[in-house]
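The working numbering applies: residue 10 is where the sequence shown begins, and numbers increase by one.
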Amino acid sequence: SVAVNSQVRWETRVSSNGEGKPHGQDSAESSAAMLLLRKKDQKPEDELPVTSDRQTVRPPVVSGVAQMVGNDANTQARTQPLGSQASASTTVSGIPRLTDMEEAKLEKMRATQWETRDVLSGVMKHFSAPIRYAFAYGSGVYKQAGYGTASKPMVDLIFAVSHPDHWHALNISQNRAHYSFMGTLGSNAVAYVQDRLGAGVYYNPFVEIDGVVVKYGVVSIDTLSSDLLNWDTLYLAGRMHKPTLTLRRDPLMRITKQVNLTHAVRAALLMLPKNFTSEELFRTISSLSFAGDFRMKIGGENLQKVHNIVEAQLPLFKSRYGSIIEGLPNLEYIGQDLLQQDMSPLARAAMVRKMPNNFYDQLVRKGRKSGIRLPPGLGAEAVNTERLVAVDNISALTTKAIESIVARPALTQSFKGILSSGLSKSIAYMYSKNSKYRSAAASNEQK
Numbered sequence: 010s011v012a013v014n015s016q017v018r019w020e021t022r023v024s025s026n027g028e029g030k031p032h033g034q035d036s037a038e039s040s041a042a043m044l045l046l047r048k049k050d051q052k053p054e055d056e057l058p059v060t061s062d063r064q065t066v067r068p069p070v071v072s073g074v075a076q077m078v079g080n081d082a083n084t085q086a087r088t089q090p091l092g093s094q095a096s097a098s099t100t101v102s103g104i105p106r107l108t109d110m111e112e113a114k115l116e117k118m119r120a121t122q123w124e125t126r127d128v129l130s131g132v133m134k135h136f137s138a139p140i141r142y143a144f145a146y147g148s149g150v151y152k153q154a155g156y157g158t159a160s161k162p163m164v165d166l167i168f169a170v171s172h173p174d175h176w177h178a179l180n181i182s183q184n185r186a187h188y189s190f191m192g193t194l195g196s197n198a199v200a201y202v203q204d205r206l207g208a209g210v211y212y213n214p215f216v217e218i219d220g221v222v223v224k225y226g227v228v229s230i231d232t233l234s235s236d237l238l239n240w241d242t243l244y245l246a247g248r249m250h251k252p253t254l255t256l257r258r259d260p261l262m263r264i265t266k267q268v269n270l271t272h273a274v275r276a277a278l279l280m281l282p283k284n285f286t287s288e289e290l291f292r293t294i295s296s297l298s299f300a301g302d303f304r305m306k307i308g309g310e311n312l313q314k315v316h317n318i319v320e321a322q323l324p325l326f327k328s329r330y331g332s333i334i335e336g337l338p339n340l341e342y343i344g345q346d347l348l349q350q351d352m353s354p355l356a357r358a359a360m361v362r363k364m365p366n367n368f369y370d371q372l373v374r375k376g377r378k379s380g381i382r383l384p385p386g387l388g389a390e391a392v393n394t395e396r397l398v399a400v401d402n403i404s405a406l407t408t409k410a411i412e413s414i415v416a417r418p419a420l421t422q423s424f425k426g427i428l429s430s431g432l433s434k435s436i437a438y439m440y441s442k443n444s445k446y447r448s449a450a451a452s453n454e455q456k
């Protein structure tokens, strides 16, 4: 902890604008880092992470959105080839404005958001246990292409809480009917299943409150923050790559959400060519959380889900990622919906070094399996990243690295649903998902 505290202070100094003045968000970022470090310090020895090739003394939080952009700008200035400024005239200054049709669609979506927020705020009043941060996501909140209006989908909610065992104790006392047989075992048993199995989320599905059918998941705010910053499982971090509706705000989450979105853009850039459309970027970002998810292979999820999400929510994606795209110097618009990234090895290697430790470790493992010589050790990060981005199959390696993060938590979280939901509700939920899968498959055959 002493070493990490020193490292945080050191990174704050070196990330300044050459005058020893830290960026404005450093204190908040350091607070986020210290919160996660305190959590990690409490882990028993049998839960310590495996040894990483990367320096684990680094804090688990990147040094802030503003600071990340500043570091990228410094790297870009060092690695940018001479005369590259001459091509600036071919780029679009800033983020292109939405078309009139997209503006109208976005305004309509935002009006719907306010209505949905009012309804779900009423739902949240039925929970007396303290909730630090809450958001809604999925087709129950944002319309997806390919679905009719005959039936309303279940609304997915996430409640981030400080102390899950205490929260469940209060909620079982107030809303015992929301729980399966696990409620009879008590809050300690529920909290144990939540934390030890899957991705650290405990769901209660098919709960009807004020005429709204919801599935709410409870997660420790430490677990959520760590996933956003470190991509431990990408279970919730991946869901938050898509548009979400915030129901209760938390200052820490405002920072960690932006870091997570920036990670997503960088991962997508490794999977994309030099030039691509904004829609291709958002489809790649949306596909990250589905990579390695066994449900996509066994009929447990709509095969067209990524396409449906982006097609229907494109203006929201542009609004959500606009400032991040503008802040990354290795990415720029060269047309209304056309982007270009810097493909130089030094710029891409620097980008990989800003990715979460878990992603970097998995990428190194996949690179070694593919035959790339990547030396171990704390000082090998610069060499390894340059060798990784230089290979032709970096896109495939990135996909495999993401799959290795997603696969196990997605599988165990699904099996945990039998405990948290009960057998009958689990069967009903799987049948609903399989129906969407078969509907999408039939639609593809007709096309």
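For glycine and all other residues, C-beta sits at the position ideal for the given N, C-alpha and C.
It should be emphasised that the depicted structure is a prediction, and the values quoted were computed from it without experimental measurement.
Alpha helix (DSSP H) segment containing residue i, residue limits
{"i": "F424", "result": "403-430"}
{"i": "Q322", "result": "314-336"}
{"i": "L237", "result": "230-239"}
{"i": "Y342", "result": "Not the alpha helix (DSSP H): Y342 falls in the beta strand (DSSP E), residues 340-342."}
{"i": "V400", "result": "First-last for V400: undefined, no H or E at that position."}
{"i": "T193", "result": "191-194"}
{"i": "P384", "result": "No alpha helix (DSSP H) contains P384, which DSSP labels as neither H nor E."}
{"i": "M360", "result": "354-362"}
{"i": "L243", "result": "Where L243 is concerned, there is no enclosing alpha helix (DSSP H), given that its DSSP letter is neither H nor E."}
{"i": "S182", "result": "173-183"}
{"i": "L206", "result": "Element bounds for L206: n/a, residue is neither H nor E."}
Test item: CB-CB of residue i and residue j under 9 Å
{"i": "I318", "j": "K375", "result": "no"}
{"i": "V373", "j": "L347", "result": "no"}
{"i": "Y212", "j": "V199", "result": "no"}
{"i": "V170", "j": "V228", "result": "yes"}
{"i": "S296", "j": "K327", "result": "no"}
{"i": "K283", "j": "M352", "result": "yes"}
{"i": "D236", "j": "A276", "result": "no"}
{"i": "K314", "j": "V222", "result": "no"}
{"i": "G336", "j": "A419", "result": "no"}
{"i": "L290", "j": "M262", "result": "no"}
{"i": "H316", "j": "D219", "result": "no"}
{"i": "E320", "j": "A113", "result": "no"}
{"i": "T253", "j": "V128", "result": "no"}
{"i": "I230", "j": "D204", "result": "no"}
{"i": "V415", "j": "L406", "result": "no"}
{"i": "L238", "j": "V210", "result": "no"}
Inter-residue spacing [alpha-carbon to alpha-carbon] between residue i and residue j
{"i": "E111", "j": "P324", "result": "6 Å"}
{"i": "Y244", "j": "R257", "result": "20 Å"}
{"i": "G247", "j": "Q183", "result": "31 Å"}
{"i": "Y142", "j": "S413", "result": "28 Å"}
{"i": "S430", "j": "P338", "result": "46 Å"}
{"i": "S379", "j": "Q371", "result": "12 Å"}
{"i": "A359", "j": "T394", "result": "8 Å"}
{"i": "F299", "j": "S423", "result": "14 Å"}
{"i": "W123", "j": "K425", "result": "33 Å"}
{"i": "S130", "j": "T121", "result": "14 Å"}
{"i": "H172", "j": "A138", "result": "10 Å"}
{"i": "L107", "j": "Y342", "result": "13 Å"}
{"i": "R329", "j": "M249", "result": "11 Å"}
{"i": "T293", "j": "L206", "result": "28 Å"}
{"i": "L383", "j": "E390", "result": "9 Å"}
{"i": "A356", "j": "L281", "result": "15 Å"}
{"i": "L278", "j": "N197", "result": "43 Å"}
{"i": "R304", "j": "F215", "result": "20 Å"}
{"i": "V202", "j": "A178", "result": "14 Å"}
{"i": "D174", "j": "S404", "result": "41 Å"}
{"i": "G386", "j": "Q349", "result": "34 Å"}
{"i": "S332", "j": "I181", "result": "42 Å"}
{"i": "P105", "j": "M118", "result": "20 Å"}
{"i": "K266", "j": "T125", "result": "21 Å"}
{"i": "R185", "j": "V392", "result": "55 Å"}
{"i": "I381", "j": "E217", "result": "53 Å"}
{"i": "V473", "j": "I334", "result": "Because the chain here runs from 10 to 456, residue 473 falls outside it and cannot be looked at."}
{"i": "T421", "j": "T242", "result": "11 Å"}
First and last residue of the uninterrupted beta strand (DSSP E) at residue i
{"i": "I218", "result": "210-218"}
{"i": "T255", "result": "254-257"}
{"i": "L347", "result": "347-350"}
Any chance you could list the beta strand (DSSP E) runs of at least 3 consecutive residues sitting entirely within the segment 101-164, in chain order? 142-146
Mind the definition here: the segment 259-275 touches the segment 360-369 only if three or more C-beta pairs lie below 8 Å; say whether that holds. yes
Does the structure place the segment 166-178 close enough to the segment 136-151 that three or more beta carbon pairs sit under 8 Å? yes
Give the list of continuous alpha helix (DSSP H) stretches no shorter than 4 residues that lie fully inside the segment 272-297. 287-296
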